[in-house]
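According to our numbering, the sequence shown is numbered sequentially starting from 1. Backbone N, C-alpha and C define an ideal beta-carbon position, used for all residues, glycine too. Notes follow the structure.
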Amino acid sequence: MRKPTGPGDTPIVGIAGWKKSGKTMLTIGLIEELARRGLKVATVKHAHHAFDVDTGSTDSARHRKAGAREVAIVSKLRWAMVGELAGQAEPDFRDVVQWFRPCDLIIVEGYKTAPIPKIETRRTDAFEHTPLSPRDPFVVAIAADHRVADAEVPVFDLSDILGIADFLTAYLGLSRLAATSKPLRVRKPRRGKGVRGKSIVKSET
């Protein structure tokens, strides 16, 4: 399976799971750790609700309220672009990632059904939902806060940011770019073993 890529063949990985499964916690932890290792990370967050990045009486908000379809906000520190869909379909994430400047990795939070390699997050708080794996062939690892039985992919504790970051850099071929990461040979884990021979969380779901 060819891994989907962004601009310049930038690797893409998804963090997917049901509501309250720990997606944002894991995404933020991975961003911090991968950035610490010297990687340039970009992210896409899929929202299921309306949102505003400029609100109140800011000049950019007033531009939008006056009818501007797109507004760019630019300063010496950062910039942002806000667009109104005005009834059109939301952009596909594959179009969104083409907007990014060159980077080492793009992390996509959400988009459960996207055909990209993804880490599935699981929490006991979201037990009422059917797990994505093994039905989703794009799940390459599971991060859970409970035991996971008969997993066909590597399983990590949801809080094991270092282990998951090691796995991702190896899986996506980024180890040579990550200054402080240790080389890791990715292999299919044996039953009850993790990608580095450590016990993985095994369990009943």
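Quick check: what's the CA-CA separation for residue i versus residue j?
| i | j | result |
| --- | --- | --- |
| Thr124 | Thr27 | 18 Å |
| Val71 | Lys65 | 11 Å |
| Arg122 | Gly110 | 13 Å |
| Ile12 | Leu39 | 13 Å |
| Ala149 | Pro131 | 12 Å |
| Gly173 | Val153 | 18 Å |
| Glu32 | His146 | 24 Å |
| Pro183 | Ala170 | At Pro183 the pLDDT is 45, less than 50, meaning the model places this residue with poor confidence; the figure from the coordinates comes in the next sentence. Distance between the alpha carbons of Pro183 and Ala170: 7 Å. |
| Ile142 | Glu84 | 35 Å |
Evaluate residue i with the Cβ neighbour count: other Cβ atoms within 10 Å of its Cβ, from every protein chain shown; 16 or more gives buried, anything less gives exposed.
| i | result |
| --- | --- |
| Ser133 | buried |
| Leu162 | exposed |
Beta strand (DSSP E) containing residue i: first to last residue?
| i | result |
| --- | --- |
| Leu105 | Leu105 to Glu109 |
Starting from residue i, follow its DSSP beta bridges and name the residues at the other end.
| i | result |
| --- | --- |
| Arg122 | Ala144 |
| Glu70 | Gly83 |
| Asp95 | DSSP output for Asp95 lists no bridge partner at all. |
| Asp157 | Ala144 |
| Ala16 | Glu120 |
Beta-carbon separation of residue i and residue j under 7 Å?
| i | j | result |
| --- | --- | --- |
| Gly17 | Lys23 | yes |
| Val41 | Ala47 | no |
Between which two residues does the alpha helix (DSSP H) holding residue i run?
| i | result |
| --- | --- |
| Gly29 | Lys23 to Arg36 |
| Lys45 | Careful: Lys45 lies outside any alpha helix (DSSP H), inside the beta strand (DSSP E) at Val41 to Lys45. |
| His63 | Asp59 to Lys65 |
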